[in-house]
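To start, the structure itself, in structure tokens.
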């Protein structure tokens, strides 16, 4: 006897597995290009991770923490030693006075800090101002929050990228809730000037917006440029969440130890979201990072000087190969223009470059919303990283020389 269940008909169009707001996000360009490098044996100058470890003292401290039993859940806000170290770091370098117990939160890298901040602060329909090109997680977390991205183009010029003042003002509205600022800037290597940072701050105050500032490259700044944290400007400490991490400063990107600091009420909001994302992370790594943050000034100065040397090595190689380049003011990255070589599409060139020269880069357009002003401006451009060993950079430059022949 039929129960009726056997007459049920499966839906013709099953519900999609992914929510609509995330369907435009596929595998990241970094995954695609790194897989291409592995598949072809190309030198990978696409993804920004060092090929060497951080300071020996940091690694030794992590091993000691593991062997001494620091392997269970750390406190939700972070281990006290790291909270205190972050507060001391902000005072030492920027004169910012923080209460480590209420104004600092440890996160699973800067990416989680940014995600938790946007999810905590934005209602659906709120607007988030972003400099574009932008690190790819920004657009994704804005979409997750149901918020709307408003892009401000960073436009390429002979001396590097510059902030478009008209575009900056036009991006703000009565719906602006957050300004997601990144300086020193990935992917362009730009370090915003004090005047540019002040312009952002004025508009944030005018529109009563919170600034979430991604400063993971804060110590990777070269002579002639100066990193100006937004929170140091008058009236901005009370409306700024500052994000950084150990990954770039100490060459331990796989540890995923980040932090966010700022006003207690904003940090508490971020913690409310963060506790339901990773809950906690990196128990034995946190005390090691705490000790490393107190390394002497010579460590930080030597880090920037060594990166500058490697930057210049890659710049020379790119110029010899026929690219047009300008020296970045900070970060791990050089943006190269291949139009002098006859290539006007960076994405196509990046997919062909392993066969042409045995090197992988990343198209700068991958950091832009499709069709945006910035996307059109950077369409030919390619980002290469120089946070690699001298041997790797020399090999890459020798291979790239094939383009000039």
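Numbering (the numbering used here), first residue to last: 17 to 421. From the three backbone atoms N, C-alpha and C, an ideal C-beta is built for every residue, glycine too. Every value quoted in this text rests on a predicted model; they were computed, and no experiment measured them.
Kindly indicate which residue of 60, 130 and 205 has the alpha-carbon position closest to the one of residue 285. Taking the chain shown and counting its residues from 1, the one referred to as residue 285 is at position 269. Considering only alpha carbons, the answer is 130.
Could you name each continuous alpha helix (DSSP H) segment of 4 residues or more that falls completely within the region 259-312, going from the start of the chain to the end? 262-265, 280-290 and 301-308
Helix, strand or coil for residue 363? Go by DSSP, reduced to three states. Here residue 363 corresponds to residue number 347 of the chain shown, with the count starting at 1. Helix.
With contact counted as at least three CB pairs below 8 Å, one residue from each stretch, are the region 183-203 and the region 317-333 in contact? no
Within the continuous beta strand (DSSP E) that includes residue 63, where are the two ends? As a working note, residue 63 is residue 47 in the chain shown. Neither: residue 63 is in no beta strand (DSSP E) and is coded neither H nor E.
In the DSSP output, what is residue 31 paired with across the bridge? For the purposes of this step, residue 31 is taken as residue 15 along the chain shown, with counting starting at 1. For residue 31, which the question treats as bridged, DSSP gives no partner whatsoever.
Assign residue 209 to one of three DSSP states: helix, strand, or coil. Locating residue 209 in the chain shown gives position 193, counting from the first residue. Three-state DSSP puts residue 209 in coil, outside helix and strand.
Compute the Euclidean distance between the alpha carbons of residue 79 and residue 99, then round it to the nearest angstrom. Taking the first residue of the chain shown as position 1, residue 79 is located at position 63. Taking the first residue of the chain shown as position 1, residue 99 is located at position 83. Rounded to the nearest angstrom, the two C-alpha atoms are 20 Å apart.
Nearest to residue 389 by CA position, among 288, 141, 187 and 293, is which residue? Mapped onto the chain shown, residue 389 falls at position 373. Out of 288, 141, 187 and 293, 187 has the C-alpha closest to the C-alpha of residue 389.
Alpha-carbon spacing of residue 195 relative to residue 227, whole angstroms: Here residue 195 corresponds to residue number 179 of the chain shown, with the count starting at 1. Here residue 227 corresponds to residue number 211 of the chain shown, with the count starting at 1. Their backbone Cα atoms lie some 5 Å apart in a straight line.
Are three or more beta carbon pairs between the region 256-275 and the region 289-300 nearer than 8 Å? yes
Measure the C-alpha to C-alpha separation of residue 420 and residue 360 and round it to an integer number of angstroms. Your numbering for residue 420 matches position 404 in the chain shown. Your numbering for residue 360 matches position 344 in the chain shown. C-alpha separation (whole angstroms): 16 Å.
Using the three-state DSSP reduction, which class does residue 78 fall into: helix, strand or coil? Reading the chain shown from its first residue, position 62 is the one you call residue 78. Here residue 78 sits in helix by DSSP.
Between which two residues does the alpha helix (DSSP H) harbouring residue 88 extend? On the chain shown, residue 88 is found 72 positions in, with the first residue counted as 1. Taken as a continuous stretch (DSSP letters only), residue 88 belongs to no alpha helix (DSSP H), as it is neither H nor E.
Sorted by chain position, which residues of the same chain lie with C-beta nearer than 6 Å to residue 135's C-beta, five sequence neighbours on each side aside? In the chain shown, the residue the question calls residue 135 occupies position 119. The residues are 161 and 289.
Note down the Cα distance separating residue 150 from residue 300, rounded to an integer number of angstroms. For this step, residue 150 is matched to residue 134 along the chain shown. For this step, residue 300 is matched to residue 284 along the chain shown. Rounded to the nearest angstrom, the two C-alpha atoms are 32 Å apart.
Which ranges would you report for the beta strand (DSSP E) in the region 180-245 if only whole runs of at least 3 residues count? 192-198 and 226-230
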